[in-house]
Amino acid sequence: MILGTVKGTVYSTRKMDNLKGLKFLMVQPVNGGRKDVFVAADTIGAGIGELVLVTTDQTTQYALDYPAPVDAMVIGIVDNPPAMES
Amino acid sequence: MILGTVKGTVYSTRKMDNLKGLKFLMVQPVNGGRKDVFVAADTIGAGIGELVLVTTDQTTQYALDYPAPVDAMVIGIVDNPPAMES
Amino acid sequence: MILGTVKGTVYSTRKMDNLKGLKFLMVQPVNGGRKDVFVAADTIGAGIGELVLVTTDQTTQYALDYPAPVDAMVIGIVDNPPAMES
Amino acid sequence: MILGTVKGTVYSTRKMDNLKGLKFLMVQPVNGGRKDVFVAADTIGAGIGELVLVTTDQTTQYALDYPAPVDAMVIGIVDNPPAMES
Amino acid sequence: MILGTVKGTVYSTRKMDNLKGLKFLMVQPVNGGRKDVFVAADTIGAGIGELVLVTTDQTTQYALDYPAPVDAMVIGIVDNPPAMES
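Protein chains in written order, with this note's numbering: chain A, 5 to 90; chain B, 5 to 90; chain C, 5 to 90; chain D, 5 to 90; chain E, 5 to 90.
This is the structure:
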């Protein structure tokens, strides 16, 4: 999974019907730069600045109540920035 | 998902039968360069210069009425370039 | 999808049984370099120097008559190098 | 698969229900740098500093007793750093 | 698919039960460097120094007799280093 920080929200009025009810967040990977920012769907309610765990590709479907064409989903909000053993 | 800008159209006469009816767009990721351009299928009708959300890999199938060998699909047109909290 | 140029053919005598009948091509992504070359399976008959569209991962299976362990398949031959709006 | 070293643990209280019972580890790929660190789920019990094999994407599901939205799973603990023939 | 050279073997005693019978090889992509080395499962019997074709992600399952959590599998041994048309 990718560990990232929520940086903003993406709004789309013209979109696929089966995306209704999903929020789209800009997520910047920890240790990544602006170039690495991607968009993840969210149903947990992550806020700007929160650290989140994101799963990708087909495994997103196990975080949804119905199939939807999204390849990145927030699966959890991280309690604290994890310590790294050197 | 990838946030990108539509840069052009790709035409292919000799192609798989189950690709009929799909439009193919050149998409440049936001914050990405020319080297990162990829091709996404589109059924929404995104135009040159529009900002789009693209899903990838197997999750493309949830944006199609029938199975097709495409690994990137436009799932929505973004209303405005999203603001990024620093 | 990846837009790439066919650069060569890969021959393999000792291979999985369910790969019989597939041709393997070296494909260099457009705007990519030698380091980015990958191998795609082909059933359309793309030739050296032709520009092709390649789909990846599990979606390759929708371009096959039977399941096969290939993660990249040529799905179309591109008519002309696409123009890019700047 | 990715060969990596366990660097830390990620804790998440607010998370998807079907993630209960999984431990989340920070994993740094061998030959990779800090920027490449990712998070893998673990049920084997890998410890900090151990060298692990990690599988990704949909194939994680074959390492689970039930479907879960995780795209990286520890599948084994490596006995010794592998020797590389030059 | 990735074209790579077998560089070594990875041994893991503590591993998932459904990995028994699979050999794990260090594979370095052709034109890639040490940083790009990854681990692929093998049932064909590729040896150190041999050039192999590797498929990734979910498509690995079509190269197995039973489902297993591996995201890279050797699918063939390449006869000769392929010539590249410039």
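Even glycine gets a Cβ: it sits at the ideal position worked out from N, Cα and C. Everything numeric in this text was worked out from a predicted model, so none of it was measured.
Item to check | Contact with chain A by residue 83 (chain B), beta-carbon distance below 8 angstroms | outcome: The sequence position of residue 83 (chain B) within the second sequence is 79, counting from 1. Yes, residue 83 (chain B) counts as interfacial toward chain A.
Checklist entry - Can you tell me whether residue 71 (chain B) is buried or exposed, with buried defined as 16 or more other CB within 10 angstroms of its CB? => result Along the second sequence, read from residue 1 onward, the residue named residue 71 (chain B) stands at position 67. Residue 71 (chain B) should be labelled exposed.
Checklist entry - Interface residues of chain E around residue 59 (chain D) at Cβ under 8 angstroms? => result Taking the first residue of the fourth sequence as 1, we reach residue 59 (chain D) at position 55. 73, 74, 75, listed in chain order.
Next on the checklist: Less than 8 angstroms between the beta carbons of residue 77 (chain E) and residue 44 (chain E), yes or no?
Outcome noted: In the fifth sequence, counting from the first residue as 1, residue 77 (chain E) sits at position 73. In the fifth sequence, counting from the first residue as 1, residue 44 (chain E) sits at position 40. Taking C-beta atoms as the reference points, residue 77 (chain E) and residue 44 (chain E) count as a pair closer than 8 angstroms.
Item to check | Residue from E:69, E:58, E:28 with nearest C-alpha to residue 79 (chain E) | outcome: Within the fifth sequence, numbered from 1, the residue matching residue 79 (chain E) stands at position 75. Restricting attention to E:69, E:58, E:28, the CA atom closest to the CA of residue 79 (chain E) is found in E:58.
Checklist entry - What is the rounded straight-line gap between the Cα of residue 86 (chain C) and the Cα of residue 30 (chain B)? => result Taking the third sequence and counting its residues from 1, one reaches residue 86 (chain C) at position 82. Taking the second sequence and counting its residues from 1, one reaches residue 30 (chain B) at position 26. Cα to Cα, residue 86 (chain C) sits roughly 8 angstroms from residue 30 (chain B).
Next on the checklist: Distance check for residue 16 (chain A) and residue 10 (chain C), CA to CA, integer angstroms please.
Outcome noted: Sequence index remark: in the third sequence, residue 10 (chain C) carries index 6 (1-based). Sequence index remark: in the first sequence, residue 16 (chain A) carries index 12 (1-based). Using only the alpha carbons, I get a separation of about 37 angstroms.
Next on the checklist: Spatial neighbours of residue 42 (chain B) within its chain, please: C-beta separation below 7 angstroms, excluding the five flanking residues on both sides.
Outcome noted: Along the second sequence, one-based indexing puts residue 42 (chain B) at 38. Within the same chain, Cβ atoms closer than 7 angstroms to the Cβ of residue 42 (chain B) are found at 31, 76, the five residues on either side in sequence being excluded.
Checklist entry - By how many angstroms is the C-alpha of residue 74 (chain E) removed from the C-alpha of residue 63 (chain D)? => result Position 59 of the fourth sequence holds residue 63 (chain D). Position 70 of the fifth sequence holds residue 74 (chain E). When rounded, the separation of the alpha-carbon atoms in residue 63 (chain D) and residue 74 (chain E) is 6 angstroms.
Item to check | Cβ-Cβ distance between residue 82 (chain B) and residue 82 (chain C) below 8 angstroms | outcome: One-based indexing of the second sequence puts residue 82 (chain B) at position 78. One-based indexing of the third sequence puts residue 82 (chain C) at position 78. It is not a contact, given that the beta carbons lie outside the stated cut-off.
Checklist entry - Using the beta-carbon count (16 or more within 10 Å), is residue 69 (chain E) buried or exposed? => result Residue mapping note: residue 69 (chain E) aligns to position 65 of the fifth sequence, counting from 1. Flag for residue 69 (chain E) reads exposed.
Checklist entry - How many Å lie between residue 50 (chain C) and residue 23 (chain C) at the Cα? => result Numbered from 1 along the third sequence, position 46 holds the residue referred to as residue 50 (chain C). Numbered from 1 along the third sequence, position 19 holds the residue referred to as residue 23 (chain C). For residue 50 (chain C) and residue 23 (chain C), the distance between alpha carbons rounds to 18 angstroms.
Next on the checklist: Which same chain residues end up closer than 6 angstroms to residue 48 (chain B) when comparing Cβ atoms and leaving out the 5 residues on each side of it in sequence?
Outcome noted: As a first step, residue 48 (chain B) is located in the second sequence; it is residue number 44 there, counting from the start. 78.
Item to check | Residues that residue 36 (chain E) bridges to, as DSSP identifies them | outcome: Here the question's residue 36 (chain E) lines up with position 32 in the fifth sequence. For residue 36 (chain E), DSSP records no beta bridge to any residue.
Checklist entry - Between residue 38 (chain C) and residue 5 (chain C), what straight-line distance do the alpha-carbon atoms span, to the nearest angstrom? => result Residue mapping note: residue 38 (chain C) aligns to position 34 of the third sequence, counting from 1. Residue mapping note: residue 5 (chain C) aligns to position 1 of the third sequence, counting from 1. In a straight line, the C-alpha of residue 38 (chain C) is about 19 angstroms away from that of residue 5 (chain C).
Checklist entry - Are residue 88 (chain C) and residue 12 (chain B) touching if we call contact CB-CB under 8 angstroms? => result Position 84 of the third sequence, counted from the first residue, corresponds to residue 88 (chain C). Position 8 of the second sequence, counted from the first residue, corresponds to residue 12 (chain B). A Cβ-Cβ contact shorter than 8 angstroms links residue 88 (chain C) with residue 12 (chain B).
Next on the checklist: Quick check: residue 46 (chain D) and residue 27 (chain D), are their CB atoms within less than 8 angstroms of each other?
Outcome noted: Along the fourth sequence, read from residue 1 onward, the residue named residue 46 (chain D) stands at position 42. Along the fourth sequence, read from residue 1 onward, the residue named residue 27 (chain D) stands at position 23. It is a contact, given that the beta carbons lie within the stated cut-off.
Checklist entry - Name the residues in the segment 7-18 of chain D whose C-beta lies less than 7 angstroms from a C-beta of chain E; which are they? => result Of all residues in the segment 7-18 of chain D, 7 have a Cβ within less than 7 angstroms of some Cβ in chain E.
Checklist entry - Going along chain A, which residues have a C-beta under 7 angstroms from residue 52 (chain B)? => result In the second sequence, the residue the question calls residue 52 (chain B) occupies position 48. Within chain A, no residue has its CB atom less than 7 angstroms from the CB of residue 52 (chain B), the nearest being about 16 angstroms off.
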